[in-house]
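**Q** In the working numbering, the protein residues as written are 455 to 1134.
Pasting a structure here, questions to come.
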RNA sequence: GGCGUGGUAGCUCAGUCGGUUAGAGCGUCGGAUUCAUAACCCGGAGGUCGGGGGUUCAAUUCCCCCCCACGCUACCA
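Here it is, written out as structure tokens:
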């Protein structure tokens, strides 16, 4: 038993969203570490299931479908198959890779929701939401576009402006428009169900803050503590949308479960799909549940999903959530929309048969404690200087010498000298050390230890110089070669979780079957006289040209992105003078200025307009300091309806010129214009 | 703005419950060697441990302030 107290394992990996392919960020953060962990458990003959699947609900998929004029199902079918295939080809060894559009998932999620509903675990509230009267349906925030109140971008979504990155409420948008019909939507009442997270706060506090103080990673624990200490709020678990799991309550047509509610249940659905025995993986306290995720998912997997499971009452809770940080690419954040990524399906085509190289690089450079950077140069260096030079080279020189001296048959060892014994003792320590690191999710460390075994082999060979003794001391050579061959065999065992393809290759070269972890310190996998197989190179050098191609590809992407960036806003339609005449723009002087506390962009200003003195709130604090604006003569829009911002009544708006990058500049009247001067 | 995590050699990272010369891998320089994919093996150089204060006989390690990166979150007429 690897972890005392547990007799089986349920390992989940975050469900990738089915609106794009898999990239190295996904792999480094979630799937490679999860796969290493699972392969290690399997080698220990543990009862383990490894769950993956596509998350196919949610608004972004419906938007994408809309843009392409197809049904959401077409979108998810396309990406689900693509993702599933690339995972399989890459060797991520899921026991099942399922999807949330499956019938069994809809049933599972419905039943889960219904149970909580029947037991009164939800509260319901009526709120106001935009409604498209022409189509007769409510509009999710993502289904509304309009002008961003911050940057003026006219294609901002109701939840976020993709230009300035600001998160918004749909009601903030200027001139909101329905994406579906182009109509102006109206606000209408709608009923939704909420999970009252606040009620679970005392329990979460004890379970996480007390119970997992020592075994959860600092980033995970810290994030949880932050959320709990801030005070938890009820979270809506339903949405007005027609793509997703229908709310299983009478009279709720047009409502589905919110995607974050149904997605984690996908882990359970997938298990049900995998085995009729699914309950023991989810309801037996002797099962260890581990969620592999990225840092952006911490709150869902540590707070919300556990609260759901707790509310349901019959499920176990995650024992650990080893969330990773992010992997950057060549100094920039990976981005699907900007095509700034190394896509798995493209990698598999560009570097056929080199799954283990990427697995190695992503593990050795894994973002376990902080964001890391993937560069192609580093990829090449790790392949050439580590995989080829240290691991591949050791196996190769051993097999070449074995072929040369013994025609590939394992020689009978003679008497062991001190150095041999010492080496064998060292070898025995590796499986335990590697296992110790893997058990606490320290994959980089475990991998480095595995490579140290290859280093041990290289040093053993070099120091003993069998090639010099071939003529004079054949018995000694036999011993050296026997031990070197055993190291190769051991490498194939302890390397298996990290480099499954290469381990298989070593076994083929040595002509031995696969082993379990318990045999990793046996030291006699190869009996004298055993005939080894055909030797080949374990890894090949990757030359500059191959790397150059990849780097150029990224440079091209960068050029395209730069060319597309920051276009000037298109001209607005013509208006008549009477429209312009409605606008009252005046010269004013700033009398006082102070930053609005607890905001980063807002500044509270007192201005003299000539007619009166009034208060304005302006989003200029990122570009100007209060002391440098006081006394300035500026232009303001004076007859704008007032609006409260952070509790302060803003009576008008300062005229600012905005560059495409969002930077703001005052519009200044020339010398001589007095306060209250009318601008026309 | 609030909260969280991180900021240690050129690069990727360990580590320090405060204490002799701060470690590893890769890179770099030099040596040795030739079984091996010019690989392996040995050795050297390279760090005021993000910055500034404080506590202490002693701080990279504890405390305070600040800066930077990333995540969550608020706000941006």
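The C-beta atom is built at its ideal place from N, Cα and C for all residues, glycine as well.
Model, not experiment: these values are computed from the prediction.
(1) Are there three or more Cβ pairs, one per stretch, closer than 8 angstroms when the region 771–781 is compared with the region 735–744?
(2) Could you name the residues of the same chain whose beta carbon sits closer than 6 angstroms to that of residue 732, not counting the 5 residues immediately before and after it, in chain order?
(3) Using a Cβ distance threshold of 8 angstroms, determine whether the region 832–842 contacts the region 812–824, with at least three qualifying pairs required.
(4) Any idea if residue 684 is buried or exposed, counting beta-carbon neighbours within 10 angstroms, 16 or more meaning buried?
(5) Which first and last residues belong to the beta strand (DSSP E) in which residue 654 is found?
(6) Give me the Cα-Cα distance between residue 1079 and residue 756, rounded to the nearest whole angstrom.
(7) Between which residues of its own chain and residue 632 is the CB-CB distance below 6 angstroms, once the five residues before and five after are set aside?
(8) Under DSSP, the beta strand (DSSP E) around residue 745 begins and ends at which residues?
(9) Do you know offhand how far residue 527's Cα is from residue 519's?
(10) With DSSP as the reference, identify every bridge partner of residue 781, one or two as the case may be.
(11) For residue 507, does the three-state DSSP call read helix, strand or coil?
(12) Run the CB neighbour count on residue 533, radius 10 Å, all protein chains shown included, and call it buried at 16 or more, exposed below.
(13) Go ahead and pull the three-state DSSP assignment for residue 592.
(14) Classify residue 669 as buried or exposed, calling it buried when 16 or more other Cβ atoms lie within 10 Å of its own Cβ.
(15) At 4 residues or longer, what runs of the alpha helix (DSSP H) sit wholly inside the region 1076–1126?
(16) With three or more C-beta pairs closer than 8 angstroms as the rule, is the region 1120–1134 touching the region 1086–1096?
(17) In angstroms, rounded to a whole number, what distance separates the CA positions of residue 628 and residue 600?
(18) Going straight from the alpha carbon of residue 1014 to that of residue 479, what length do you get?
(19) Of the residues 907, 876, 866, 870, which one's Cα is nearest the Cα of residue 886?
(20) Tell me whether residue 512 sits in a helix, a strand or coil according to DSSP, three-state version.
(21) Is the beta carbon of residue 937 less than 8 angstroms from the beta carbon of residue 878?
(22) Let me confirm a value: residue 916 is counted as buried when at least 16 other C-beta atoms fall within 10 Å, else exposed. Which label applies?
(23) According to DSSP, simplified to helix, strand and coil, what is residue 1050?
(24) Count the other CB atoms within 10 Å of the CB of residue 1041; is the residue buried (16 or more) or exposed (fewer)?
(25) Exposed or buried, residue 458, counting other C-beta atoms within 10 Å across all chains shown (16 or more means buried)?
(26) Quick one: is the Cβ of residue 737 within less than 7 angstroms of any heavy atom of the ligand PLP?
(27) Looking at the structure shown, is residue 632 part of a helix, part of a strand, or coil, going by DSSP?
(28) Does residue 690 come out as helix, strand or coil in the three-state DSSP assignment?
(29) Quick check: the Cα distance between residue 803 and residue 543, rounded to an integer number of angstroms?
(30) Give, in chain order, every unbroken run of the beta strand (DSSP E) that is at least 3 residues long and sits entirely within the region 456–531.
(31) Give the straight-line distance between the Cα atoms of residue 674 and residue 752, rounded to the nearest whole angstrom.
(32) Less than 8 angstroms between the C-beta atoms of residue 840 and residue 904, yes or no?
(33) Assess, as a yes-or-no matter, whether the region 847–863 is touched by the region 819–830 under the definition of 3 or more beta carbon pairs within less than 8 angstroms.
(34) Going by other Cβ atoms of all chains shown within 10 Å of its Cβ, with 16 needed for buried, is residue 652 buried or exposed?
(35) Residue 833 by DSSP, collapsed to three states: which one?
(36) Using only the alpha-carbon positions, how far apart do residue 897 and residue 1044 sit?
**A** According to the structure shown:
(1) At 8 angstroms Cβ cutoff, the stretches touch.
(2) Within the same chain, residue 732 has close Cβ partners 725, 726.
(3) Counting Cβ pairs under 8 angstroms, three or more are found: they touch.
(4) exposed
(5) Looking at the DSSP string, residue 654 is not in any beta strand (DSSP E), and its letter there is neither H nor E.
(6) CA-CA distance, residue 1079 to residue 756, rounds to 40 angstroms.
(7) Taking C-beta separations shorter than 6 angstroms and ignoring five residues to either side along the sequence, the partners of residue 632 in its chain run 586, 593, 639, following chain order.
(8) 741–746
(9) The alpha-carbon atoms of residue 527 and residue 519 are separated by roughly 8 angstroms.
(10) Beta-bridge partners of residue 781 (DSSP): 826.
(11) strand
(12) buried
(13) For residue 592, the secondary structure class from DSSP, reduced to helix, strand or coil, is strand.
(14) Taking every protein chain shown into account, the CB of residue 669 has fewer than 16 other CB atoms within 10 angstroms, so this residue is exposed.
(15) 1080–1083
(16) yes
(17) The C-alpha of residue 600 is placed about 6 angstroms away from the C-alpha of residue 628.
(18) 21 angstroms
(19) 907
(20) DSSP, reduced to helix, strand and coil, places residue 512 outside both helices and strands of the structure shown, so it counts as coil.
(21) yes
(22) exposed
(23) Reduced to three states, the DSSP call for residue 1050 is coil.
(24) buried
(25) exposed
(26) Questions concerning the ligand PLP fall outside what the structure shown contains, since it holds no ligand whatsoever.
(27) strand
(28) If DSSP states are grouped into helix, strand and coil, residue 690 belongs with the strands.
(29) 10 angstroms
(30) 462–467, 501–508
(31) Cα to Cα, residue 674 sits roughly 6 angstroms from residue 752.
(32) no
(33) no
(34) exposed
(35) helix
(36) 58 angstroms
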